[in-house]
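J.: Quick one: structure below, then a few questions.
Protein chains in written order, with this note's numbering: chain A, 21 to 302; chain B, 9 to 340.
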């Protein structure tokens, strides 16, 4: 885990663009699934799978790997695409998303795809599992890895999330870094209308977490946020990443209607064209 | 007579038979499991002493996690610890765990295939004066419908200790159901215990039994007392301790039904979905047999002493005897 060079940033941009294209292709083929969050988290997933994470796609269960828990399992198209593009399984397999017998279940299931750290879907339980992992490493005095938890802002409506936040603060889990996808939308509308979360950073601080706020799409800024997080030695860290839902497809950005639906064939072609044009300019 | 092969407590019928809460056996078993395997950890939702986790917490403070009153977090954090190779036992009252956190148990433990042992204390009506809010009468049903989940309901403190030690060694998630109140000691250290195996505790001196009584948990002693009284009345029975509800000993249940052609099930649980339901599912498919069910009949409990409540809700010795006599008349 290091600072990013300009070349590396360019490479990450290209990869994120390809991952977004895969997400569109998967969702069109599957005819169901969640678009906005998957596209919105593509840059963060790319940064982690291609720069930050200590992992080995050829040896997925390598004991010393970092752990990345995805709490809001519905954005799994971005998880699967990031895993395929980084070499966990063939990219062609992405088209099996949500189909009978596929390893790529509609929400991640470890029984089908053992490389994922956790089965998820029902919201508000991922951070607790990450807390459990961080506690286990603390008991074992294992200090050479991090437990990361990617979670949504909407799932902070869940009481279970706050139980986990309270326990992590109490136990000063400095090996735990949560990343909140602060995209301001959930199924029924904008988060501040459905169930206001603000002042969100203050809430985490009140539970004894170190809070870092950052944009969700600038690789240098995101990388700096993680570097800062890793320097904190007395409490768990949350990075509140302000992302744009459906990022990359201008017409869909910030529209909560894209939370839980896939593009149809025509919409998919339009989106792929936009992404390919952007890709050709890198 | 008591099954001579199982080395059961010979004082079982004495007035002064030794009594101990089933949960105490869990506390001793957990301490021992912790001594055997350093990966065993314990998590508790603010009920450390009453769930008997204090023995472990005092000996292994670094491996004990005080969760506060947060049962959803209790089981999900345990799932995460299991993912890192720990063997978590998490305890609360059955009404709250698995009562409150059922979906988290299903998704993050059973579906996620993480070995966690969920310990539900104070299960059943015999919680007593705390009243209906605290009397878990639905927990066997809740847990036995989840795939990839063992369900164990020991009959006394000694069996609870053995069950705890066994569960520490298995590969699967499990639910361990424990009662609060003192119950007579039925087994001894020498009595065999195996997950997935039912055992006949009481049998006729000679000949075949006319009725099979299948019991789980704290009512086992009452079932044996009923069997003894029935013998005095000339009715021969067998009493099967089905402490392992999942995995269920299907062959043993069918064998008992074939011998007796009449079954009574006994549990401190709703009749719907519990031990009786599990037995009925097996017999309906394999050897249809008349069954009478002793348990709580689609109602909530209330305050009272354990003995008063067991009598009031018709789970006492005379009720078991009546059920046996009733099922005898239904024999085909």
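Here a beta-carbon is modelled for each residue, glycine too, at the ideal position from N, C-alpha and C.
For the region 238 to 269 of chain A, list the beta strand (DSSP E) runs that are entirely contained and at least 3 residues long, ordered along the chain.
T.: Those beta strand (DSSP E) runs which fall completely within the region 238 to 269 of chain A and span 3+ residues are 257 to 262.
J.: Please name the residue, chosen from A:200, A:251, A:196, A:104, that lies closest to residue 162 of chain A on a Cα-to-Cα basis.
T.: Here residue 162 of chain A refers to the residue found at position 142 of the first chain. Closest by alpha carbon: A:196.
J.: Of all Cβ atoms in chain B, is any one closer than 8 Å to the Cβ of residue 236 of chain A?
T.: Against the first chain, residue 236 of chain A aligns to sequence position 216. Not one chain B Cβ lies under 8 Å of residue 236 of chain A.
J.: With 16 as the cutoff for other CB atoms within 10 Å, does residue 260 of chain A come out buried or exposed?
T.: The count along the first chain starts at 1 and reaches residue 260 of chain A at position 240. Answer is buried; the Cβ neighbour count reaches 16.
J.: So with Cβ pairs under 8 Å, would you call residue 73 of chain A a contact of chain B?
T.: The count along the first chain starts at 1 and reaches residue 73 of chain A at position 53. Taking Cβ atoms only, chain B never reaches closer than 8 Å to residue 73 of chain A, which makes this a no.
J.: Taking the beta carbon of residue 164 of chain A as the centre, do at least 16 other beta carbons fall within 10 Å, making it buried, or is it exposed?
T.: Start at 1 with the first residue of the first chain, and residue 164 of chain A comes out as number 144. With fewer than 16 other Cβ atoms within 10 Å, it is exposed.
J.: Could you compute how far the alpha carbon of residue 288 of chain A sits from the alpha carbon of residue 175 of chain A?
T.: The residue given as residue 288 of chain A occupies position 268 in the first chain. The residue given as residue 175 of chain A occupies position 155 in the first chain. Rounded to the nearest angstrom, the two C-alpha atoms are 28 Å apart.
J.: Keeping to the same chain, check which residues put their C-beta closer than 8 Å to that of residue 189 of chain A; ignore five residues upstream and five downstream.
T.: Mapped onto the first chain, residue 189 of chain A falls at position 169. Contacts found: 227, 228, 229, 255, 256.
J.: Please classify residue 309 of chain B: is it buried, with 16 or more other beta-carbons within 10 angstroms of its beta-carbon, or exposed?
T.: Working through the second chain from its first residue, we reach residue 309 of chain B at position 301. Classification for residue 309 of chain B: buried.
J.: With DSSP as the reference, identify every bridge partner of residue 128 of chain B, one or two as the case may be.
T.: In the second chain, counting from the first residue as 1, residue 128 of chain B sits at position 120. According to DSSP, which records beta bridges pairwise, residue 128 of chain B is partnered with B:100, B:185.
J.: In chain B, what lies closer than 8 Å to residue 304 of chain A by C-beta?
T.: Limits of chain A in this structure are 21 at one end and 302 at the other, which puts residue 304 of chain A out of reach.
J.: Taking CB distances under 8 Å as the criterion, tell me whether residue 17 of chain B reaches chain A.
T.: Your numbering for residue 17 of chain B matches position 9 in the second chain. Not closer than 8 Å to any Cβ of chain A, the Cβ of residue 17 of chain B fails to qualify, so no.
J.: Which residue marks the beginning of the beta strand (DSSP E) containing residue 202 of chain A, and which one marks its end?
T.: Numbered from 1 along the first chain, position 182 holds the residue referred to as residue 202 of chain A. Unbroken beta strand (DSSP E) run through residue 202 of chain A: 196 to 202.
J.: Roughly how many angstroms lie between the CA atoms of residue 190 of chain B and residue 30 of chain B, to the nearest whole one?
T.: Translated into positions along the second chain, residue 190 of chain B becomes position 182. Translated into positions along the second chain, residue 30 of chain B becomes position 22. Taking the straight line from one Cα to the other gives about 7 Å.
J.: For residue 280 of chain B, which residues of its own chain have a beta-carbon under 7 Å away from its beta-carbon, when the five flanking residues on both sides are left out?
T.: Looking up residue 280 of chain B in the second chain gives position 272. Within the same chain, residue 280 of chain B has close Cβ partners 149, 306.
J.: Taking the C-alpha atoms as reference points, what is the distance between residue 20 of chain B and residue 133 of chain B?
T.: Locating residue 20 of chain B in the second chain gives position 12, counting from the first residue. Locating residue 133 of chain B in the second chain gives position 125, counting from the first residue. C-alpha separation (whole angstroms): 23 Å.
J.: Whether or not the region 24 to 38 of chain A and the region 191 to 205 of chain A are in contact is what I'm after, with contact meaning three or more pairs of Cβ atoms, one per stretch, closer than 8 Å; do they touch?
T.: The region 191 to 205 of chain A, when compared against the region 24 to 38 of chain A, does not touch it at the 8 Å Cβ threshold.
J.: Closer than 7 Å by beta-carbon distance: list the chain A residues that pair up with residue 27 of chain B, in chain order.
T.: Start at 1 with the first residue of the second chain, and residue 27 of chain B comes out as number 19. Those within 7 Å of residue 27 of chain B in chain A number zero; the least Cβ separation is about 37 Å.
J.: List the residues that DSSP assigns as beta-bridge partners of residue 167 of chain A.
T.: As a position in the first chain, residue 167 of chain A is number 147, starting the count at 1. A:87, A:196.
J.: Measuring CB to CB, does residue 91 of chain B end up less than 8 Å from residue 149 of chain A?
T.: Here residue 91 of chain B refers to the residue found at position 83 of the second chain. Here residue 149 of chain A refers to the residue found at position 129 of the first chain. Cβ atoms of residue 91 of chain B and residue 149 of chain A: closer than 8 Å.
J.: Name the residue from B:128, B:263, B:140 whose alpha carbon lies nearest to the alpha carbon of residue 159 of chain B.
T.: Reading the second chain from its first residue, position 151 is the one you call residue 159 of chain B. Among B:128, B:263, B:140, the Cα nearest to that of residue 159 of chain B is on B:128.
J.: If you follow the beta strand (DSSP E) that residue 190 of chain B is in, where does it begin and where does it stop?
T.: Taking the second chain and counting its residues from 1, one reaches residue 190 of chain B at position 182. Note, residue 190 of chain B: beta strand (DSSP E), 190 to 192.
J.: Residue 159 of chain A touches chain B at which residues, Cβ-Cβ below 8 Å?
T.: The residue you call residue 159 of chain A lines up with position 139 of the first chain. In chain order: 49, 70, 71, 94.
J.: For residue 296 of chain A, count neighbouring C-beta atoms within 10 Å of its own C-beta (all shown protein chains included) and say buried if the count is 16 or more, exposed if not.
T.: Here residue 296 of chain A is taken as the residue at index 276 of the first chain, counted from 1. Its Cβ having fewer than 16 others within 10 Å, residue 296 of chain A is exposed.
J.: Closer than 8 Å by beta-carbon distance: list the chain B residues that pair up with residue 141 of chain A, in chain order.
T.: Working through the first chain from its first residue, we reach residue 141 of chain A at position 121. Near residue 141 of chain A (Cβ distances below 8 Å), the residues of chain B are 115.
J.: If you run the structure through DSSP and keep just helix, strand and coil, what is residue 220 of chain B?
T.: Numbered from 1 along the second chain, position 212 holds the residue referred to as residue 220 of chain B. Residue state, collapsed to three classes: strand.
J.: Just to confirm, is the Cβ distance from residue 168 of chain B to residue 193 of chain B under 8 Å?
T.: Along the second chain, one-based indexing puts residue 168 of chain B at 160. Along the second chain, one-based indexing puts residue 193 of chain B at 185. It is not a contact, given that the beta carbons lie outside the stated cut-off.
J.: By DSSP, does residue 37 of chain A sit in helix, in strand, or in coil?
T.: Mapped onto the first chain, residue 37 of chain A falls at position 17. Of the three classes helix, strand and coil, the one that applies to residue 37 of chain A here is helix, per DSSP.
J.: Figure out for me which residue from B:176, B:255, B:227 has the closest Cα to the Cα of residue 49 of chain B.
T.: Numbered from 1 along the second chain, position 41 holds the residue referred to as residue 49 of chain B. Selected option, being the one with the closest Cα: B:176.
J.: Return the chain-ordered list of same chain residues with a C-beta closer than 8 Å to the C-beta of residue 243 of chain A, the five sequence neighbours on each side being excluded.
T.: Here residue 243 of chain A refers to the residue found at position 223 when the first chain is read from its first residue. Result list for residue 243 of chain A: 23, 24, 67, 71, 72, in chain order.
J.: Please list the terminal residues of the continuous beta strand (DSSP E) segment that includes residue 230 of chain A.
T.: As a first step, residue 230 of chain A is located in the first chain; it is residue number 210 there, counting from the start. First-last of the beta strand (DSSP E) with residue 230 of chain A: 230 to 235.
J.: Check residue 96 of chain A in the structure and name its three-state DSSP category.
T.: Within the first chain, numbered from 1, the residue matching residue 96 of chain A stands at position 76. In the structure shown, residue 96 of chain A sits in a helix (DSSP, three-state: H, G or I).
J.: So is residue 131 of chain A buried or exposed if we call it buried at 16+ other beta carbons inside 10 Å?
T.: Stepping through the first chain from its first residue, residue 131 of chain A is reached at position 111. Its Cβ having fewer than 16 others within 10 Å, residue 131 of chain A is exposed.
J.: With DSSP as the reference, identify every bridge partner of residue 95 of chain B, one or two as the case may be.
T.: Residue 95 of chain B sits at position 87 when you count from the first residue of the second chain. DSSP output for residue 95 of chain B lists B:48 as bridge partner(s).
J.: On a Cα-Cα basis, can you pick out the residue from A:137, A:211, A:75 that is closest to residue 93 of chain B?
T.: Within the second chain, numbered from 1, the residue matching residue 93 of chain B stands at position 85. Nearest of A:137, A:211, A:75 to residue 93 of chain B, Cα basis: A:137.
J.: Within the same chain, show all residues whose beta-carbon is closer than 8 Å to that of residue 290 of chain B, passing over the 5 residues directly before and after it, in chain order.
T.: For the purposes of this step, residue 290 of chain B is taken as the residue at position 282 of the second chain. Excluding positions up to five away in sequence, the list reads 256, 258, 261, 262.
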